[in-house]
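Protein chains in written order, with this note's numbering: chain A, 1485 to 1812; chain B, 1485 to 1812.
Below: one structure, written as structure tokens.
2 protein chains.
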Amino acid sequence: MAIKVGILGYGNLGKGVECAVKHNPDMELAAVFTRRDPSCLKILTEGVKVFSADEAPSMKGQIDVMILCGGSAADLPGQTPEMAAYFNVVDSFDTHAKIPEHFEAVDQAASRSGHVAVISAGWDPGMFSLNRLYANAILPGGRDYTFWGKGVSQGHSDAIRRIPGVKDGRQYTIPVEGALEAVRSGSDPELTTRQKHTRECFVVAEEGADKEAIERAIVTMPNYFADYDTTVHFISQEELMRDHAGIPHGGFVIRTGTTGWEDEHRNVIEYSLKLDSNPEFTASVIAAYARAAVRLSREGQRGCKTVFDIAPAYLSAADGAELRKHML
Amino acid sequence: MAIKVGILGYGNLGKGVECAVKHNPDMELAAVFTRRDPSCLKILTEGVKVFSADEAPSMKGQIDVMILCGGSAADLPGQTPEMAAYFNVVDSFDTHAKIPEHFEAVDQAASRSGHVAVISAGWDPGMFSLNRLYANAILPGGRDYTFWGKGVSQGHSDAIRRIPGVKDGRQYTIPVEGALEAVRSGSDPELTTRQKHTRECFVVAEEGADKEAIERAIVTMPNYFADYDTTVHFISQEELMRDHAGIPHGGFVIRTGTTGWEDEHRNVIEYSLKLDSNPEFTASVIAAYARAAVRLSREGQRGCKTVFDIAPAYLSAADGAELRKHML
């Protein structure tokens, strides 16, 4: 029997989950919930209804897992515990520093209601975290490096758009190739923020705006740009739409560490992602953990889990014997 | 209380496990068991005794996990089930085609005795398998590629050494850079055996041997070399010892797959290893799974498991809260 999936929040991530469900034959979309007017929302899947977010609790029992596609700042801290009272849930909460308190809140709600909740599923946190953990467990004497990009940073693009005179903008985070090579060589470099990533901005200025002032405002902006080598390109709105409409991202998790009685051997573990679509890939990870959440729940488990707590086999639609035969 | 580790078999892998135990402060080496004369075996760890393999069963209760470091062809099919009657065990059984039957035999023994057994821990099978599974679960519409090397293949080196007139030899498996690039580009290439890897051989010929005949015997050898572009270099024994004494290896697991409603976006997941020491790295993976085996056993679990069945958190010496705080 197919896993019935609910989606709460229909932005880029929610749409990505809808696509991921389509790619997984053992899942079916049961309903989409929105805080907008449901009658105005057109989704991709035929025959599936859109409801108001308020109606979600009344559909308890009709949905095997509710996927929460809101934002980490304003939505998920409230939504995930709230929905865990009615459903198995999965979110992609990505405010790293607040994960412990989010975990506690969700764990309480899910433990009380008897559901399984998976938080922080995605790629960072998510697949990158997993690779940090595996690599640290294997090479306890070693060093971690994470690089992001090349990809669009939503937060940095927003920061650009808040500058007076800026009509639109897009920011790419780019790992420095030389830094990556130094890490891979096993030379254990100390790298500053500036040495690891550069930032490239494509900006549409309002007519008559002072471009020099805009550029200065960007490259000197504390936290966002001041610590980086930042380049700014002014382009037209048409060029922005044509060349920078996608939401690519990716990155690298590298751990280097030694083995041998006298640490005489170097080893490099590297995991990387190159994604045409950041939200769709995040949604694909979420879909796999939604399957896991439902299975764990059917086994009688409850409470909050992260990617660290879930055995890999739960993510796959194939059974244990099949996995051992074909993938081990 | 430290995890007490036993090692059965003291070749390259057993020695690697000894080094890995040294790198993990929550583990201690309890004993080494050998089928050779124990009095002739000198190990690295001071104060630890070497026993005859026959004495292992009598140490039941004094060892938390026994790590089996024999070969997959002749040793592990018998040893792993046998030792699972007395201990939690971990092996690195790597004959892919025979994993299902090995699993069954070990599962029976471990279930009966109430121990946890982990089979096929290492990097392939092992970390590569994990990455195949995760990537397949995330991108169900996609394609897998595995490349090995650059590294020393023991089986191919042995095959060279069996040729008449060959005194010594070492074989490197090398992934073809162009093939890797084609895969990473997302072009989904169909690759033949010859297009994926080349083989490079360093051969020490006996005095007066017919080098042309040796080279011909190598490059035409069915299964081992005939399907590859193989180069043969004749060198002196001194050069072989000086330049080719190490046992490096590594490789790449890549999955490319699409996301989006119409599969309009491409995504590339890549995992790679670059290892100065193949056996030491394998041993380091084994050590992490030995920790997991002991923890699972303490929780009351029993039976055979693979890397697919074990939640990542069990591999780490850190607890859940610490992992969520620092690695998620």
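Ideal placement from N, C-alpha and C gives every residue a C-beta, glycine not left out.
query: Residue ranges of each alpha helix (DSSP H) run of no fewer than 4 residues wholly in the stretch 1492-1554 of chain A, ordered along the chain?
result: Note on the stretch 1492-1554 of chain A: whole alpha helix (DSSP H) runs with a minimum of 4 residues are 1496-1507, in chain order.
query: Does L1497/B come within less than 9 Å of chain A when only Cβ atoms are used?
result: no
- request: Within 10 angstroms of the Cβ of Q1563/B, are there 16 or more other Cβ atoms? Answer buried if so, exposed if not.
  value: Buried, since its Cβ has 16 or more Cβ neighbours within 10 Å.
- prompt: In terms of alpha-carbon separation, which member of D1510/A, A1540/A, M1485/A and V1516/A lies closest to G1500/A?
  reply: V1516/A
- prompt: With 16 other CB atoms within 10 Å as the buried threshold, where does N1615/A fall?
  reply: Taking every protein chain shown into account, the CB of N1615/A has 16 or more other CB atoms within 10 angstroms, so this residue is buried.
- prompt: Starting from P1584/A and walking both ways along the alpha helix (DSSP H), at which residues does that stretch end?
  reply: In this chain, the alpha helix (DSSP H) harbouring P1584/A covers I1583 to S1597.
- request: Please go through the same chain and pick out, in chain order, the residues whose beta-carbon is closer than 7 Å to the beta-carbon of Y1629/A, but skip the five residues on each side of it.
  value: V1667 and I1738
task: In the DSSP assignment, find the alpha helix (DSSP H) that holds K1620/B and state where it starts and stops.
output: Note on residue identity: the sequence assigns Asn, not Lys, to residue 1620/B. Run containing N1620/B: M1611 to I1622, per the alpha helix (DSSP H) assignment.
- request: Mind listing the chain A neighbours of I1583/B? Cutoff is C-beta to C-beta under 8 Å, in chain order.
  value: R1808, K1809 and L1812
- request: Determine, using beta-carbon pairs with one atom in the stretch 1504-1518 of chain A and one in the stretch 1761-1772 of chain A, whether at least three such pairs fall under 8 Å.
  value: yes
query: Looking only at DSSP bridge pairs, what is A1601/A linked to?
result: V1573/A and C1788/A
- request: Report the residue ranges of all alpha helix (DSSP H) runs contained in full by the stretch 1633-1682 of chain A; include only those spanning at least 4 residues, in chain order.
  value: 1638-1645, 1661-1668 and 1677-1680
task: Count the CB pairs spanning the stretch 1640-1660 of chain A and the stretch 1774-1789 of chain A that are closer than 8 Å, and state whether there are at least three.
output: no
task: Just the chain A side, please: which residues come within less than 7 Å of E1764/B by C-beta, in chain order?
output: T1743, G1744 and H1749
task: Just grab the DSSP bridge partners of S1761/A for me.
output: Beta-bridge pairing links S1761/A to I1731/A.
- prompt: When burial is assigned at 16 or more other CB atoms within 10 Å of the CB, is E1746/A buried or exposed?
  reply: exposed
message: Is P1796/A close to chain B? Criterion is C-beta to C-beta, closer than 9 Å.
response: yes
query: Does any heavy atom of the ligand NAP sit closer than 8 Å to the C-beta of Y1798/B?
result: Of the ligands one can find in the structure shown there are none, so the ligand NAP has no counterpart to examine.
field: Best match in N1496/B, K1544/B, H1580/B and E1674/B for proximity to A1514/B [C-alpha to C-alpha]
entry: Closest by alpha carbon: K1544/B.
query: Just checking, does the stretch 1672-1684 of chain A make contact with the stretch 1695-1713 of chain A on the three C-beta pairs under 8 Å criterion?
result: Segments in contact, yes.
query: Terminal residues of the continuous alpha helix (DSSP H) containing H1810/A?
result: G1804 to H1810
task: Using a Cβ cut-off of 9 Å, pull out every chain A residue sitting near K1634/B, in sequence order please.
output: Result: empty, since nearest Cβ-Cβ is about 13 Å, beyond 9 Å.
field: Buried or exposed (CB count within 10 angstroms, at least 16 for buried), H1717/B
entry: exposed
message: Rounded to whole angstroms, what is the Cα-Cα separation between L1807/B and L1724/A?
response: Cα-Cα distance, rounded: 41 Å.
message: Closer than 8 Å is the cut-off here; do at least three beta carbon pairs connect the stretch 1546-1556 of chain B with the stretch 1570-1581 of chain B?
response: yes
message: If you reduce the DSSP assignment to three classes, tell me which class I1794/B lands in.
response: coil
- request: Anything in the stretch 1514-1536 of chain A with a Cβ closer than 7 Å to a Cβ of chain B? List those residues in chain order, please.
  value: L1528
field: Contact with chain A by P1673/B, beta-carbon distance below 9 Å
entry: no
message: For T1715/B, report the span of its beta strand (DSSP E) as first-last.
response: D1713 to F1718
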